[in-house]
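This report concerns only the one structure given below.
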Amino acid sequence: MPSYLFAGMTAAMRMGRANPPDVVHVHWPMPHALIGAAMRRASKGRTGMVCSYYSVELNWVRHRLPRAERFLRWTMRAADGVTAISTSTAAAVRPYVNGPVSVIPYGAAVVDDGMPIGREALAGGESATILFVGRLVERKGVEVLIRAVAEARTQRPLKLRIVGTGEWEPSLRESVREQGLDDSVTFTGQVSTAELEREYAAADVFVLPAVRDSKGDTEGLGVVLLEAMRFERPVVASDIGGIPDIVTHEQTGLLCTPGNSESLAAGIQRLVDNPEFARNLAREGRREAAKRFGWDTVLDRTLAVYEQAKGRHGG
């Protein structure tokens, strides 16, 4: 890490002296703010610095490296513009900063008229396909999802497809066996982009059962929800972290209690048993995602922060 930072700072200072940009945008300011600050210093104040936060670094400092909190505070106060990917991340950042924090989420290509959307409503006895996409780690809450499927399938046949890999996969497979779900749960592993699109298109309900893990981390936003909305899939997700920025309960999806398999099972069952309600949520979710998370919106917000940062240095 020291050699990485030294090389980055050296290159940034060289650029800052020779051809300083109006703005340097620093992602993961722990520790990259050092590189951005080096460029700004070398530019003799002609370059503004914008820092973007994703929530993981905040929890990492609090729970694993508390001595670095002073440096974290410096990165925020040294910045000429600060952004956060969600409302919850912005709330965590604000105590550290002197100025405003702009909420700018990840962008998503939600509008695509050629996208296969709108699966037919389920027939009464038909098995419903539940989809999860993501890394198999503690904060994704897949253990809770497995229990929820075991509970919900007593009312209707369910199939769960788990797309992704991670360190929790062995324990999750064991949970599937313990719940007697070997015939109902499929672990696909990593898939290609084309295969992933087919998974979304074939799903009846998409679920993001996020929890707060033992290190205090959770979903900073939940981009997979935007991907599901792109395919007009009805979504159920945990009411935690940045997820409520995407999912408005009973308008664009359903929110459930984090870590509570009964709450999650009830949400899944509600969508499976009420296909018209599920379709309405999915349509509204796709519209809202396109309006609030489309690249044009994200670009406009980002450029506004750049102008603010540039203005602080007379650019």
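Numbered per the working numbering, the sequence shown finishes at 476, counting up by one with no gaps. For glycine and all other residues, C-beta sits at the position ideal for the given N, C-alpha and C. No experiment lies behind these values; they were computed from the predicted model shown.
Quick one: grab the DSSP three-state call for residue i.
{"i": "serine 164", "result": "helix"}
{"i": "arginine 448", "result": "helix"}
{"i": "leucine 297", "result": "coil"}
{"i": "isoleucine 196", "result": "helix"}
{"i": "alanine 179", "result": "helix"}
{"i": "tyrosine 214", "result": "strand"}
{"i": "leucine 226", "result": "coil"}
{"i": "serine 375", "result": "coil"}
{"i": "valine 258", "result": "coil"}
{"i": "glycine 350", "result": "strand"}
{"i": "lysine 320", "result": "strand"}
{"i": "threonine 171", "result": "helix"}
{"i": "alanine 245", "result": "strand"}
{"i": "isoleucine 291", "result": "strand"}
{"i": "leucine 306", "result": "helix"}
{"i": "serine 332", "result": "helix"}
{"i": "threonine 398", "result": "For the record, residue 398 in the displayed sequence is alanine; it is not threonine. Strand."}
{"i": "leucine 369", "result": "strand"}
{"i": "alanine 284", "result": "A caution first: alanine 284 carries a pLDDT of 49, below 50, which makes its placement in the model unreliable, though a value can still be read off. In the structure shown, alanine 284 sits in coil (DSSP, three-state: anything other than H, G, I, E or B)."}
List the whole-angstrom C-beta distance separating residue i from residue j, where the pair is believed to meet the contact cut-off of C-beta under 8 Å.
{"i": "lysine 320", "j": "serine 336", "result": "In fact, because the Cβ distance is near 16 Å, the residues do not count as touching under 8 Å."}
{"i": "aspartate 374", "j": "glutamate 299", "result": "4 Å"}
{"i": "histidine 186", "j": "valine 222", "result": "That pair is no contact at about 21 Å."}
{"i": "leucine 306", "j": "proline 370", "result": "4 Å"}
{"i": "alanine 313", "j": "glutamine 430", "result": "5 Å"}
{"i": "alanine 239", "j": "alanine 194", "result": "7 Å"}
{"i": "leucine 382", "j": "isoleucine 246", "result": "5 Å"}
{"i": "arginine 334", "j": "phenylalanine 367", "result": "The pair is not a contact, with the Cβ atoms about 21 Å apart (cut-off 8 Å)."}
{"i": "valine 372", "j": "serine 399", "result": "7 Å"}
{"i": "valine 324", "j": "threonine 290", "result": "Incorrect: roughly 12 Å between the Cβ atoms, too far for contact."}
Please classify residue i as buried or exposed, where buried requires at least 16 neighbouring CB atoms within 10 angstroms.
{"i": "phenylalanine 392", "result": "buried"}
{"i": "alanine 252", "result": "exposed"}
{"i": "leucine 328", "result": "Before going further, note that residue 328 is glutamate rather than leucine in the sequence given. Under this definition glutamate 328 is an exposed residue."}
{"i": "phenylalanine 293", "result": "buried"}
{"i": "glutamate 218", "result": "buried"}
{"i": "glycine 242", "result": "buried"}
{"i": "tyrosine 361", "result": "buried"}
{"i": "aspartate 457", "result": "exposed"}
{"i": "threonine 250", "result": "buried"}
{"i": "threonine 236", "result": "buried"}
{"i": "lysine 452", "result": "exposed"}
{"i": "proline 163", "result": "exposed"}
{"i": "proline 331", "result": "exposed"}
{"i": "serine 216", "result": "buried"}
{"i": "proline 318", "result": "exposed"}
{"i": "proline 190", "result": "buried"}
{"i": "arginine 308", "result": "buried"}
{"i": "glycine 302", "result": "buried"}
{"i": "threonine 171", "result": "exposed"}
(request) Decide if the stretch 252 to 268 is in contact with the stretch 412 to 425; the criterion is three or more beta carbon pairs, one per stretch, under 8 Å apart. (result) no
(message) My parser needs the beta strand (DSSP E) runs of 3 or more residues fully inside the stretch 408 to 468; what are they?
(response) 415 to 417
(message) Does the contact criterion of 3 or more C-beta pairs under 8 Å hold for the stretch 395 to 412 versus the stretch 442 to 458?
(response) yes
(request) Specify whether the stretch 340 to 355 and the stretch 392 to 404 touch according to this definition: at least 3 beta carbon pairs, one from each stretch, less than 8 Å apart. (result) no
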